[in-house]
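2 protein chains.
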Amino acid sequence: MSNNEMVSPLTFARIGACLRLPQQLSKFPHMRFREEKEVSVRPEVEEYFSSTRSAPLLVAERGLCPQDSKKEVVRIGVLFSGGPSPGGHNVVLGLSEAMTRLSTRNKLFGFQEGFWGLLHGDYVELSHEFLRNWTNSGGFHLLSTSRTKLVGQQAFEQAMEVCQSLDLNGLVVIGGDDSNTNAGLLAEFFQKQNFKTSVIGVPKTIDGDLKGHSIEISFGHDTASKVISELVGNVCMDALSCKKNYHFIRLMGRHASHLTLETALQVQPTYTLISEQIRRDGVSLDKLISSLAKLIKTRAQAGKNYGVILVPEGLIEQVPGIDSLMCVLNDLLARDPHHTLDTIHQSLDPASATILGSLPRTIQEQLLYDRDSHGNVAVSRIETERLLLSLVKQTLEKKASEVPFSALTHFFGYECRCAHPSHFDAHYCYALGMCAAALVLEERNGYMALITDLEKSVSSWQVKGVPLSSMFHKERRRGQWSPVIRKTLVNLGGPAFLRLKEMEERWAVKDCFLSPGPCQFNGNSLTDPHDIPKTLYLEKNACGS
Amino acid sequence: MSNNEMVSPLTFARIGACLRLPQQLSKFPHMRFREEKEVSVRPEVEEYFSSTRSAPLLVAERGLCPQDSKKEVVRIGVLFSGGPSPGGHNVVLGLSEAMTRLSTRNKLFGFQEGFWGLLHGDYVELSHEFLRNWTNSGGFHLLSTSRTKLVGQQAFEQAMEVCQSLDLNGLVVIGGDDSNTNAGLLAEFFQKQNFKTSVIGVPKTIDGDLKGHSIEISFGHDTASKVISELVGNVCMDALSCKKNYHFIRLMGRHASHLTLETALQVQPTYTLISEQIRRDGVSLDKLISSLAKLIKTRAQAGKNYGVILVPEGLIEQVPGIDSLMCVLNDLLARDPHHTLDTIHQSLDPASATILGSLPRTIQEQLLYDRDSHGNVAVSRIETERLLLSLVKQTLEKKASEVPFSALTHFFGYECRCAHPSHFDAHYCYALGMCAAALVLEERNGYMALITDLEKSVSSWQVKGVPLSSMFHKERRRGQWSPVIRKTLVNLGGPAFLRLKEMEERWAVKDCFLSPGPCQFNGNSLTDPHDIPKTLYLEKNACGS
């Protein structure tokens, strides 16, 4: 990655861009963790964390990194797990930076394709010099990633063997809630075995649902919402320029609507659906469609036959009726995967059959034939934006309302997962990487690297560690109760959602579209409130007031 | 547009960004046009341009704008026509700048929603102060746009009446080939009537097919390809990070594949289809699919089960067999619009029926039910990327090749039409606007504003005018021969396409993906070869060599 034929001019320019550090990290290795209050583990999952459940919150302070006096070579393994998220390469660079500052003899190993590489001992050694050429670049292709999970005792033992063969002091897992669930359970397993490798998690996900548990935001979410806001903002200007189309835009985020909420705050579209609200209020598909049709009619009366409607990817699962239909379909298909639309219709209870029959044929087929690797409905393949469009169209036509209605659909998600990290994510990830290394160097097992006070300037960011075990709760997975890291959904009582609701009527009637434009890397404006996610800004300001 | 609640921070910052000018325009009104050689009109269309066919190429030089001595108030009308394209607002600003420099008493009128506003006398007066707040912003929403055309004598007379009522010296039409066809014919009509309004065209289109005829590039194409390259580049990094998906990406550009070609040169994807080549080589759908399947198998042998394939929107129309099927369908549906898939199959000749039957059902339905306003197949609605994906999948499965094949589709286009204009487009449009005003002020009727030498620094750009009549040829439209501005397709002998072909094998086997990232507005790098379209750079360098 060192010349213009191999990398784009921007990627090349960004390699040289300076990265600032939180005060404590800038002095590293003159930094150590102070133990704060012990963080409680939920009683329901205590049994799973008998060895790692008593652990304090850690806060960085001046001092000398304990490892510094030992003069031993430190060896750390790192892997990416799950979908890519902007900034991952900077996490690895930060890791390497901290290790190199301590001693150039320290060794960093990268496992290929996530947990797959860990299980199969497929790794590369990463030199600091090599990694410098990956500074600020998007993607996870330094090591690639996969959705391989660590499941069962055998996998844990296999992972331990590989860590042992490499004599690792630490294993850093860069991943979302599922991957960090694996990391937390692996840490517990290692602790029980009295095995020396410290397992450290780093909070990644564009969806933004790995949040709470002291985590202010997961990395990548900021960049993802900036790229998506650029695109949605452009589409808003298109709607306003042509004045003839509604745009139904589905945005990534299966379980939580954070990305949709953040984009809405950035762009101020005509209308925004939030899955969490649909579920809370028990809004049926019929009611949802008629409220959209009503909005379109109201705008038509004001001479506006255009608009932009945001639809979170996971919406369909939260709509009463559809959620139960999907459960029934999953059950039927688990028993007989060869069902066709006809045989399914015959096997369904009347209520589910009516709901399925009310959907356009292509959506029925998506529900039936697009299955994920567990055999469940592949929610991300259901084109909810097309479903809504076609049902709204039907409703408007049925009522012979003579409202002109022309509409287009879009789905945004894949084009943001490997974007060049924003200023915020570039700095955040670099700090997370150094923090993860510091935790390993202090032999802290089962921790999540944590950077807080993210609304402040980089130098004032706080460097911490929080026990992974404190993030777990119990959930039914594959028919049995399992300890997993809880996903954080949009807080319907929080300032970001309340802000959306406050503006909803205004944005629906007036056109208040903003076009945030492409992410800029010039300047030094991280303290500008526009440069951190609006959701974070609102949450922090509400806390402060 | 003057505070942060109405516009995004970037839009606000860009209002204040300085715009440089070509040397001749910077001295305006100390500029006049020198007449160069007369530009010939094609014999086949001479009859349509009896009044405007003898006109010279105009080149700006030092001197005094002739209007300056007259001290009359100048009144100009301007409109956007067709799809939005980044930079349009700067054209209007440039117009206003030139007019204001001459006299603050001059008046600029904006027609709403394109030719619709011209026909209905729906306009607003635009002050220079007001327009300054639109500097460098994306979209056409200053005046909105439409696809209304000027068709027939009555429309021309109606347009003349409105221009007369406003006492216009000039009418500036910002549009693509269709809109400039209208402008050219309106200019001829005005000339015949000895009517004083000068009609001036400005070359706009993201597709890039309004090119040639001395036009080096239409405005908006650069920004559009930068936004699309950002997205495709991110998807390439995603392919490389996850190593499990092929991405079939359809890009806008119905008639010409310029946008696809430029994106390919920016991003270096696995494989790029160019419609013009498919047509030239008479590549059948079968052959196309088997060559893609072969590529995927070859890559699988090298352990690569991922990639990015670019598909121009207009591809399907150029595939032998499909093109004739579409003609037959258009005919059948013109006679009876109530055809269903069943009745169509019965009415088709055996060859066409076989081809139609070979397509997936959703595509058959798109061919049948998605019609444009002329009742023809709406090519932009045909999801060619999904068609290719499903046929490739079938082929791989049929051969039981056991090649792992997982794929996703994308369509990019609408998200780039209203983007913030790139440095190049922002400057280019501002200069085009001033040039258009200068042509009106010299009472030049039936000209296209022209800026050349675009590979050089802005100050060295040349300011010109070329007769619209010289761009016309004869084409069959709605069953009869009509004079229209010729679309410029990708030149299969030109340096840009040859460069693609030269690299094709390398890019198909090795992964040479580049991620150009989001368009940056800092710096002053317009003379950097990376800041102008690669196609333009290659064409200019080939000319020079």
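Each protein sequence line maps, in turn, to chains A and H.
Under my numbering, think of the first position of the first sequence as 8, with each following residue one higher.
Under my numbering, think of the first position of the second sequence as 8, with each following residue one higher.
The beta-carbon is built from N, C-alpha and C at its ideal position, and this holds for glycine as well.
If you drop the 5 nearest sequence neighbours on each side, which residues of the same chain put their C-beta closer than 7 angstroms to that of residue i?
i	result
Glu450(H)	Ser205
Leu17(H)	His427
Glu546(A)	Gly501, Pro502 and Ala503
Leu339(H)	His346, Ile351 and Ser354
Gln165(H)	Leu126
Gln200(H)	Met167
Asp145(H)	Looking at the sequence provided, one finds Gly at residue 145(H) rather than Asp. Closer than 7 angstroms at Cβ, skipping near neighbours: Pro93, Cys425, Ala426, His427 and Pro428.
Return the CA-CA distance between residue i and residue j, expressed in angstroms with no decimal places.
i	j	result
Asp293(H)	Phe163(H)	48 angstroms
Pro327(A)	Ser476(A)	33 angstroms
Asp109(A)	Val80(A)	In the sequence as displayed, the identity of residue 109(A) is Leu instead of Asp. For Leu109(A) and Val80(A), the distance between alpha carbons rounds to 9 angstroms.
Ala62(H)	Val473(H)	8 angstroms
Ser15(A)	Leu247(H)	15 angstroms
Leu65(H)	Thr267(H)	33 angstroms
Lys508(A)	Ala24(A)	39 angstroms
Gly260(H)	Asp185(H)	15 angstroms
Gly159(H)	Tyr313(A)	30 angstroms
Asp174(H)	Val465(H)	34 angstroms
Pro91(H)	Gln119(A)	45 angstroms
Thr534(A)	Glu237(A)	Any reading at Thr534(A) must be qualified, since the residue scores a pLDDT of 43, below 50, and its modelled position is unreliable; the value itself is stated next. For Thr534(A) and Glu237(A), the distance between alpha carbons rounds to 21 angstroms.
Asn189(A)	Glu512(A)	43 angstroms
Asp432(H)	Leu100(H)	13 angstroms
Asp75(A)	Glu195(A)	26 angstroms
Ser57(H)	Trp488(H)	18 angstroms
Where does residue i fall in DSSP's three states?
i	result
Phe105(H)	A small correction: the amino acid at residue 105(H) is Ala; Phe does not occupy that position in the sequence shown. Helix, per DSSP.
Val169(H)	helix
Val410(H)	coil
Glu54(H)	helix
Thr542(A)	helix
Lys304(A)	helix
Ile351(A)	helix
Trp488(H)	strand
Pro63(H)	strand
Phe431(H)	helix
Phe137(A)	helix
Thr279(A)	strand
Leu230(H)	In the sequence as presented, Leu is not what sits at residue 230(H); that position holds Thr. The answer is helix: DSSP assigns Thr230(H) an H, G or I state.
His417(A)	strand
Val326(H)	coil
Ser9(H)	Low confidence applies here, because Ser9(H) scores a pLDDT of 40, under 50, leaving its location unreliable; read the following figure in that light. In the structure shown, Ser9(H) sits in coil (DSSP, three-state: anything other than H, G, I, E or B).
Glu372(A)	helix
So, at 8 angstroms on beta carbons, what are the nonlocal neighbours of residue i in its own chain, with the 5 sequence-adjacent residues on each side left out?
i	result
Asn241(A)	Ser522
Val52(H)	Ser476, Phe479, His480, Lys481 and Pro490
Ile285(A)	Leu295, Leu322, Gln325 and Val326
Asp377(A)	Val384, Ala385, Arg388 and Ile389
Leu446(A)	Phe40, Leu65, Gly177, Ser205, Ile207, Tyr454, Ala456 and Gly472
Leu102(A)	Ile83, Val85, Leu115, Val179, Gly440, Met441, Ala443 and Ala444
Go through its chain and collect everything with a Cβ distance to residue i's Cβ below 6 angstroms, but skip five positions before and after it.
i	result
Val209(A)	Val98, Ile181, Leu439, Ala443 and Ala456
Assuming residue i and residue j form a contact by the criterion Cβ under 8 angstroms, report the distance between their Cβ atoms to the nearest whole angstrom.
i	j	result
Phe122(A)	Met167(A)	Phe122(A) to Met167(A), Cβ: 13 angstroms. No contact.
Val48(H)	Val179(H)	Actually they are not in contact, since the Cβ atoms of Val48(H) and Val179(H) sit about 22 angstroms apart, beyond 8 angstroms.
Ser588(H)	Cys526(H)	The structure shown does not extend to residue 588(H), since chain H is modelled only from 8 through 552, so no value can be given for it.
(request) Report the residues of the stretch 242 to 268 of chain H with a CB closer than 7 angstroms to any CB of chain A, ordered along the chain. (result) Val242, Met244, Asp245, Leu247, Ser248, Cys249 and Lys250
(request) Give, in chain order, every residue of the stretch 190 to 207 of chain H whose Cβ lies closer than 8 angstroms to some Cβ of chain A. (result) none
(message) What are the residues in the stretch 414 to 427 of chain A lying within 9 angstroms of chain H by C-beta distance?
(response) Leu415, His417, Phe418, Phe419, Tyr421, Glu422, Cys423, Arg424, Cys425, Ala426 and His427
(request) Check distances from the C-beta atoms of the stretch 141 to 163 of chain H to those of chain A and list, in chain order, the residues that come in under 7 angstroms. (result) Gly145, Gly146, Phe147, His148, Ser151 and Thr152
(request) With 7 angstroms as the C-beta to C-beta threshold (strictly closer), list the residues of the stretch 507 to 529 of chain H near chain A in chain order. (result) Leu521, Ser522, Pro523, Gly524, Pro525, Cys526, Gln527, Phe528 and Asn529
(request) Give the residues from the stretch 303 to 335 of chain H that approach chain A closer than 8 angstroms (Cβ to any Cβ), ordered along the chain. (result) none
(request) Scan the stretch 14 to 26 of chain A for residues whose Cβ lies nearer than 7 angstroms to a Cβ of chain H and list them as they occur along the chain. (result) Val14, Ser15, Pro16, Leu17 and Thr18
(request) May I ask you to list, following chain order, the residues of the stretch 353 to 385 of chain H that have a beta carbon less than 7 angstroms from some beta carbon of chain A? (result) Thr369
(request) Scan the stretch 98 to 131 of chain H for residues whose Cβ lies nearer than 9 angstroms to a Cβ of chain A and list them as they occur along the chain. (result) Glu120
(request) With 9 angstroms as the C-beta to C-beta threshold (strictly closer), list the residues of the stretch 77 to 92 of chain H near chain A in chain order. (result) Phe87, Gly90 and Pro91
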